[in-house]
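So the structure is just underneath, and the comments pick up after that.
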Amino acid sequence: MATDAERPALLELERFRRYLTVLAEAELAPRLKVKESPSDIVQQSMLEAHRDLPSFRGQTDAELVGWLKTILARNLMNAARHYRTAKCDIRLEQSLAERLDQSSARLDHWLASQDSSPSQRAERNERAAALADALALLLEQERTAILLKHFRGWSLQAIGEHLDRPVDAVAGLLKRGLKKLRGHLKVLE
26 MATDAERPAL LELERFRRYL TVLAEAELAP RLKVKESPSD IVQQSMLEAH RDLPSFRGQT
86 DAELVGWLKT ILARNLMNAA RHYRTAKCDI RLEQSLAERL DQSSARLDHW LASQDSSPSQ
146 RAERNERAAA LADALALLLE QERTAILLKH FRGWSLQAIG EHLDRPVDAV AGLLKRGLKK
206 LRGHLKVLE
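Those letters in the sequence shown? Residues 26 to 214, by the working numbering.
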């Protein structure tokens, strides 16, 4: 059980859980999702972050998010490495870290422009949390299609091959998913 001194630190980290889960879902290789859950990898990352929080030297939310994304990227790489028989390829590690940054940038781009005041950053963080909550309410294939299309930039053809569905079915998933997403976001406002 957390002591009174640890509770603020737990709350500080916990507010980024949904954001990290969206990133993990976007970046976890589809073939690994049957073996590893994105939420399990985020949980492991949160445990490590809590354990190592005394060594964190940043001052801002952006620095904290960057640190959490580094921990998440390492855990995603470890999961990929665990299920791969070949030796570690440093290009894969760099690629995953870059993709995680790109997914994060796409999420930020979806939510806001280049706002920089503390109140604007706080609002952007709240919108990121709301988006993560709304994505969690979608059906798994709708969420997967949206993440692959809008966070990874996959084509409808590639998504169809991944989901084993025709392109027109993927288009339907995207249309229904985005409509539901907009509805959920309006309710959360």
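Here a beta-carbon is modelled for each residue, glycine too, at the ideal position from N, C-alpha and C.
Computed from a predicted structure; not experimentally measured.
Other residues of its chain near R201: CB distance less than 8 Å, five sequence neighbours each side excluded: Cβ within range, chain order: E167.
Euclidean distance between Cα positions of I171 and E52: Rounded to whole angstroms, I171 to E52 spans 13 Å at the Cα level.
F176 versus L48, V192, E39, R40, residue with shortest Cα-Cα distance: For F176, the closest C-alpha among the options L48, V192, E39, R40 is that of L48.
Q84 in three-state terms, based on DSSP: When secondary structure is reduced to three states using DSSP, Q84 falls in the coil class, being assigned neither helix nor strand.
Continuous alpha helix (DSSP H) stretch holding Y44: start and end: Secondary structure note for Y44: its alpha helix (DSSP H) is the uninterrupted segment 42–52.
Close beta carbons around M71, own chain, < 7 Å, minus the five adjacent residues each side: For M71, where only same-chain residues beyond five positions count, the Cβ hits under 7 Å are L38, R42.
Nearest candidate by alpha-carbon position, reference E165, set S62, L45, R40: Answer by Cα proximity: S62.
Length of the line joining the Cα atoms of V59 and H107: For V59 and H107, the distance between alpha carbons rounds to 14 Å.
Cβ separation of L45 and L93, assumed to be a contact under 8 Å, to the nearest whole Å: About 6 Å; that satisfies the 8 Å criterion.
Neighbourhood of V90 by C-beta distance below 7 Å, restricted to the same chain and skipping five residues each side: Cβ neighbours of V90 beyond the five flanking positions: F41.
Rounded separation between A161 and G178 - CA only: Spanning the alpha carbons of A161 and G178 requires a straight line of approximately 20 Å.
Proximity of A196 and L181 at Cβ, strictly below 8 Å: With a cutoff of 8 Å on beta-carbon distance, A196 and L181 are scored as near each other.
Pairwise C-alpha distance: V67 and E73: Cα to Cα, E73 sits roughly 10 Å from V67.
Environment of K204 [buried if 16+ CB atoms lie within 10 Å]: Around the Cβ of K204, a 10 Å sphere holds fewer than 16 other Cβ atoms; the residue is exposed.
Distance, E88 Cα to K211 Cα: Cα to Cα, K211 sits roughly 30 Å from E88.
Length of the line joining the Cα atoms of K174 and I184: Going by the C-alpha atoms only, they are around 8 Å apart.
Option nearest E151 by Cα separation, candidates H75, D86, A54: Per the Cα distances, D86.
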